[in-house]
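*Asks:* To convert a position in the sequence shown, counted from 1, into my numbering, add 8. Just so it is clear, CB atoms sit at the ideal spot from N, CA and C, and this is done for glycine as well.
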Amino acid sequence: QQSTLMSIKTGGCPEDCGYCSQSQHHKTMVKPARMENVDDVLEKAREAKAAGSTRFCMGAAWRGPGQKKSFEHVLTMVKEISAMGMETCTTLGMIDVDQAKRLKDAGLTAYNHNLDTSPEHYSKITNTRTFADRLETLANVREAGISVCCGGILGIAETEEDRIGLLTTLANLPEHPESVPINALVPIEGTPLGDRIIREGKAVHWHDMVRAIATAKVVMPKSSIRLSA
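1) Going by C-alpha distance, which of Asn135, Ile221, Val156 is nearest Lys112?
2) Which of the three DSSP states, helix, strand or coil, is assigned to Ile103?
3) I think Gly72 touches Gly101, with their Cβ atoms under 8 Å apart; what is that distance to the nearest whole Å?
4) Which residues in the same chain as Phe79 place their Cβ atom closer than 6 Å to its Cβ, once the five residues preceding and following it in sequence are excluded?
5) Would you kindly report the start and end of the unbroken beta strand (DSSP E) that includes Gly67?
6) For the stretch 176-191 and the stretch 219-234, state whether three or more C-beta atom pairs, one from each stretch, are separated by less than 8 Å.
7) Less than 9 Å separating the beta-carbons of Thr38 and Met85?
8) Is the number of C-beta pairs between the stretch 195-212 and the stretch 167-187 that are closer than 8 Å three or more?
9) Look at the alpha carbon of Ala68 and the alpha carbon of Leu146, and state the distance between them as a whole number of angstroms.
10) Distance, Cα to Cα, Ser131 vs Val149?
11) Our contact map puts Thr125 next to Ile161 with C-beta atoms below 8 Å; I'd like the distance itself, whole angstroms only.
12) Mapping the DSSP letters down to three states, classify Asn191 as helix, strand or coil.
13) Could you give the distance in angstroms between the alpha-carbon of Arg54 and the alpha-carbon of Thr18?
14) Using a Cβ-Cβ cutoff of less than 8 Å, which residues in the same chain neighbour Tyr203 once the five nearest sequence positions on both sides are dropped?
15) Go through the stretch 105-188 residue by residue and report every complete run of the beta strand (DSSP E) that reaches 3 residues or more, in order.
16) What do you reckon, are the CB atoms on Ala179 and Met228 nearer than 9 Å?
17) Just grab the DSSP bridge partners of Thr223 for me.
18) Mapping the DSSP letters down to three states, classify Thr96 as helix, strand or coil.
19) Specify the secondary structure class of Met14 as computed by DSSP and reduced to three states.
20) Between Arg63 and Ile154, what straight-line distance do the alpha-carbon atoms span, to the nearest angstrom?
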């Protein structure tokens, strides 16, 4: 499946994830920007469909949409893009059950919300939210009947045990995610983890990626393993 990803709200995120260039806590090349206009997003979706994409994914750099007017804009985007005959996917941070159900009613196909790493390693990656917060959003998405896209990142100073812990957690969810992204960190200068990798020269080895992909497929045989970053 060919998917197109668009950032509909870039930069200025209040979270402090050590790998992310979107965080307002880090000094990176990313500059905060206002949310994209609905019509502009719809035009990008049309272009993506014309280029062969069957799924259009929208990501926003914030902790969660809250009850902002921007969430209403997202609902409009999802509804209109779904009407084009495309699948829709969003990654909007933490959402409650009501928000998840509203996204479902608008036609949302899938919701991306990665666990990133093991429960034990999570607090070393971010201090502004907890692993339990992530699990709660996943449960809300499931309750609304939306397809779950949930995986993690390799190369964020984790151990092999952390990689096993991530995959074990995913495999032990009440239902396996329909999609499991396995990401390799792209180190961004100005982020704590990016600077560390650049300094130490310890990028993820391809062999580790292959092992993670193979293990994910063994423990979650019906899930689609997606590669990104």
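*Replies:* Reading it off the structure:
1) Val156
2) coil
3) 4 Å
4) Pro73
5) 63-68
6) yes
7) The identity of residue 38 in the sequence shown is Val, whereas the question assumes Thr. For Val38 and Met85, no; Cβs fall outside 9 Å.
8) no
9) 17 Å
10) 23 Å
11) 7 Å
12) strand
13) 21 Å
14) Reading off the sequence shown, one finds Asp at residue 203, where the question assumed Tyr. Closer than 8 Å at Cβ, skipping near neighbours: Pro195, Glu197.
15) 118-120, 155-157, 160-162
16) yes
17) DSSP output for Thr223 lists no bridge partner at all.
18) strand
19) strand
20) 15 Å
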